[in-house]
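Residue numbers (the working numbering): 118 to 310.
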């Protein structure tokens, strides 16, 4: 039951994009098409889950015993960068269309503040349990993917709507993102960890 609560809390209640305002760059940049949104969400999920497990082990068994905790951000970014390179090589070989569609946003997963934020939160909240940290990361990545796919669907529908010229593009996207954030506020207080 605890793992379900951690997952739901990370995905809905404390959604990284809509509640914590982390990962906004790919949220706005990749959400124009559903397939790229889903591809980015899956890539972030893979990177965040594996990075969470690896960073937890590195932090617990390398940085803490040698009193090098102050290097945790550098270590986390390096681990994330390595994982992003693996995902990038995999997509380039197995899904070239998705690789081209994601473009510059794929390598930017390395510096995606949602990924780094999840890794840092895991150390603060779940430093005692690898499994809880991974469940939290997967929940956060699922919430990121959910927000990205929902936003992509809304943006697709908006392409058929009569939007005033002054609001076309980024302004209407930011308004819709704000309304989605307000909608996700309905989950606040549902679960507290």
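Ideal Cβ positions, reconstructed from N, Cα and C, are used throughout, including at glycine.
{"query": "To the nearest angstrom, how far is it from the Cα of residue 120 to the Cα of residue 133?", "result": "18 Å"}
{"query": "Enumerate in chain order the residues of its own chain whose CB-to-CB distance from residue 160 is below 6 Å, with the five nearest sequence positions on each side excluded.", "result": "204"}
{"query": "Does the stretch 130–144 come close enough to the stretch 195–213 to have 3 or more Cβ pairs within less than 8 Å?", "result": "no"}
{"query": "With a cut-off of 8 Å, do at least 3 Cβ pairs link the stretch 223–233 to the stretch 185–200?", "result": "yes"}
{"query": "For the stretch 182–196 and the stretch 146–155, state whether three or more C-beta atom pairs, one from each stretch, are separated by less than 8 Å.", "result": "no"}
{"query": "On the premise that residue 219 lies in contact with residue 157, defined as a C-beta separation below 8 Å, what is that separation, rounded to the nearest angstrom?", "result": "6 Å"}
{"query": "Can you tell me which of 269, 173 and 163 puts its alpha carbon nearest to the alpha carbon of residue 245?", "result": "173"}
{"query": "Kindly list the residues whose CB is nearer than 8 Å to the CB of residue 267, restricted to its own chain and excluding five residues on each side of it in sequence; keep chain order.", "result": "297"}
{"query": "Around the Cβ of residue 179, are there at least 16 other Cβ atoms within 10 angstroms (buried) or fewer (exposed)?", "result": "exposed"}
{"query": "What are the complete alpha helix (DSSP H) segments, minimum 4 residues, inside the stretch 160–220?", "result": "189–211 and 213–219"}
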